[in-house]
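Encoded as structure tokens, the structure appears first; notes follow it.
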Amino acid sequence: MDLRLLRYFVAVADEGSFNRAADRLHIAQPPLSRAIQQLEAHVGAPLLDRASRPLRLTDIGRLLHAQALQLLARMEDVETMVKAAASSQSRRLVIGFVASTIYARLPELIREFRKAARNVELVMVESTTLEQIAALKDGRIDVGFGRIRFEDPAVRRVILRHERLIAAFPIDHPLALGDGPISLRDLADEPQIIYPRAPRPSYADQVISLFRDHAIEPRIVHEARELQIAIGLVAAEEGMAIVPESVRRARSHDVAFRDLAEQATSPIIMSHRPGDQSPELKLMTTIIARQYASWGYEVPAVIIENHEMSSAISAATRRV
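Our numbering puts the last residue of the sequence shown at 1372; the count rises by one with no breaks.
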């Protein structure tokens, strides 16, 4: 499928008008219309309801639009990384991460890595866990930090730790004023905001499963695109949300947090290619081991093994 046609289609869908889309793309309106017709002929179905004002997507159009956005975003990431690689002679480590790990001390790990390896170019790519799996297999990233368990023999995963989940309420919500942990049963009738909306499975499914494991059907009122939007909707009194504990440090002036009475956690998972012995990945595991120990977190056994192996190799090298 022609990427140019997909870009034209996304522009028309976003603008709801051929004229505005043509202005945005800096082309004339007639060739834009012909391009969309060409794409519809290729798909074999109408993508736009041309009788509506503004233009609306058909069911097939909505499906293609969602996929086109992901494909074009992935192509932008590829172009960025390839251009960076072409212009740099230094070693590189490309890290994929889900947004919520930014709150879970990932920035501190990145800062320590930069201090220890100033000659290594570090590239950060925000992506879902499922996108990270594909990117690892394709060689577009070297390590990923996510929250979703998966099974794929081409990718090795390491659960770094389990982060507690907490309840987030609008600051003036009656349940925000209580002391001590709150039970999921007390939240059964509360409007729930979950994230991300897509792709699935995702952290949203972890939250839904948490409720259903306790025979509670959550009353979902919003499926936000990402964590920041979900928290913003909570602050706007649109509902409450179950979020990782680390979010507590990032937002407090208009959102209140309470611990959950039930044992509820979400894993933080590091993923990489099996057999990857690059010095950059070894350094990252060493930094994780050192920082986790200083923070009082339990260091995963596999990280300890990698850390000890790396230290032994370094010591042997120095002796030689």
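For every residue, glycine included, the Cβ atom is placed at its ideal position computed from N, Cα and C. If you're wondering where the values come from, they're calculated on a predicted model, not measured in any experiment.
Item to check | Distance, ARG1201 Cα to ARG1370 Cα | outcome: Confidence at ARG1370 is low in this model, with a pLDDT of 40, below 50, so the placement of that residue is unreliable and no value is reported for it.
Checklist entry - Hey, how far is the Cα of ALA1169 from the Cα of ALA1151? => result 24 Å
Item to check | Proximity winner among ARG1213, ILE1268 and ILE1356, relative to TYR1373 (alpha-carbon distances) | outcome: The structure shown does not extend to residue 1373, since the chain is modelled only from 1053 to 1372, so the question has no answer here.
Checklist entry - Since ASP1311 sits in a beta bridge, which residues does DSSP pair it with? => result ILE1218
Item to check | Complete alpha helix (DSSP H) runs within the segment 1161-1209 (minimum length 4 residues, chain order) | outcome: 1181-1190
Checklist entry - Taking the alpha-carbon positions, what's the HIS1225 to ILE1162 distance? => result 36 Å
Next on the checklist: Taking contact to mean 3 or more Cβ pairs, one atom from each stretch, closer than 8 Å, check whether the segment 1220-1234 and the segment 1326-1341 are in contact.
Outcome noted: no
Checklist entry - What is the DSSP secondary structure of GLU1128, reduced to helix, strand or coil? => result helix
Checklist entry - Taking the continuous alpha helix (DSSP H) assigned at ILE1321, which residues delimit it? => result Premise fails: ILE1321 lies in the beta strand (DSSP E), 1317-1324, not in any alpha helix (DSSP H).
Next on the checklist: I need the straight-line Cα distance from LYS1189 to VAL1195, nearest angstrom please.
Outcome noted: 11 Å
Item to check | Buried versus exposed, by CB contacts within 10 Å (16 or more), ILE1294 | outcome: buried
Item to check | Rounded straight-line distance, which links the Cα of ILE1281 to that of GLU1290 | outcome: 11 Å
Next on the checklist: Residues in the same chain with beta-carbon distance under 7 Å from PRO1253, minus the five sequence neighbours each way, listed in chain order, please.
Outcome noted: ILE1200
Checklist entry - Among ILE1246, MET1292, LEU1279 and LYS1334, which residue has its Cα nearest to the Cα of VAL1299? => result LEU1279
Item to check | Distance CB(ASP1311)-CB(PRO1233) smaller than 9 Å | outcome: yes
Checklist entry - Does the distance from the CB of LEU1239 to the CB of LEU1229 come in under 9 Å? => result no
Checklist entry - Who does GLY1148 pair with in a DSSP beta bridge? => result VAL1177 and GLY1196
Checklist entry - Rounded to a whole number of angstroms, what is the C-alpha to C-alpha distance between PHE1263 and ALA1308? => result 20 Å
Next on the checklist: Let me confirm a value: HIS1324 is counted as buried when at least 16 other C-beta atoms fall within 10 Å, else exposed. Which label applies?
Outcome noted: buried
Next on the checklist: Check for me: the beta strand (DSSP E) holding ILE1079 runs from which residue to which?
Outcome noted: Neither: ILE1079 is in no beta strand (DSSP E) and is coded neither H nor E.
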